[in-house]
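A short write-up of the structure that comes next.
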Amino acid sequence: MINLEVPKKAGTLINQAYQAAAEVFRPISRKYDRAEHTYPAELDMFAALLDGLNSSGEGGAGAAGVRRSEKNEKPGNRNGSNLNIVLGTIEMCWGDVGLLLSMPRQGLGNAAIGSVAT
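Quick look at the structure:
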């Protein structure tokens, strides 16, 4: 049987992603809908924030959260890292899908590149 309930451990992550979507993505969403081909400079702040989370080793945010390790670990329970990425992405998409996909170092396809690149 499949358990479709969100784990309690993911509650903080969901709340943080929701707050980021509500406070940053939603307010600038219409601005970049009108100015389609301009770079959203506000997203550079998120790049710096995610770099900080990734360097601390605790966040596993964005593309760095799926990075392959050098060890040959057995497949199995990865403590919900994939689930956390999905739940965070769902909440951020509520803010604006286009802005989420254009985030520096985190956008469309960068997770695949980040998992194998050095």
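Using UniProt numbering, read the sequence shown as starting at 1 and increasing by one per residue.
Beta carbons are placed, not taken as given, at the ideal position from N, Cα and C, and that holds for glycine.
All figures in this text were calculated on a predicted structure; none of them were measured in a lab.
Minimum Cβ-Cβ distance from residue i to chain C less than 8 Å
i, result
"Y32", "This model lacks chain C altogether, as it is built from one protein chain only."
Option in the options with minimal Cα separation from residue i
i, options, result
"L99", "K8, F46, T12, Q16", "F46"
"L13", "L50, P40, L87, M103", "L87"
"I85", "I28, L4, A10", "A10"
"L101", "K8, Y39, N82", "Y39"
Neighbour-count burial assignment, residue i, 16 or more Cβ in a 10 Å radius
i, result
"M1", "exposed"
"D96", "buried"
"L49", "exposed"
"L43", "buried"
"V24", "buried"
Residue i, enclosing alpha helix (DSSP H) - first and last residue
i, result
"T89", "81-95"
"P27", "26-34"
Evaluate contact between the region 15-27 and the region 90-97, counting only Cβ atoms and requiring at least three cross-stretch pairs below 8 Å. Contact check between the region 15-27 and the region 90-97: three or more CB pairs, one atom from each, fall below 8 Å, which counts as touching.
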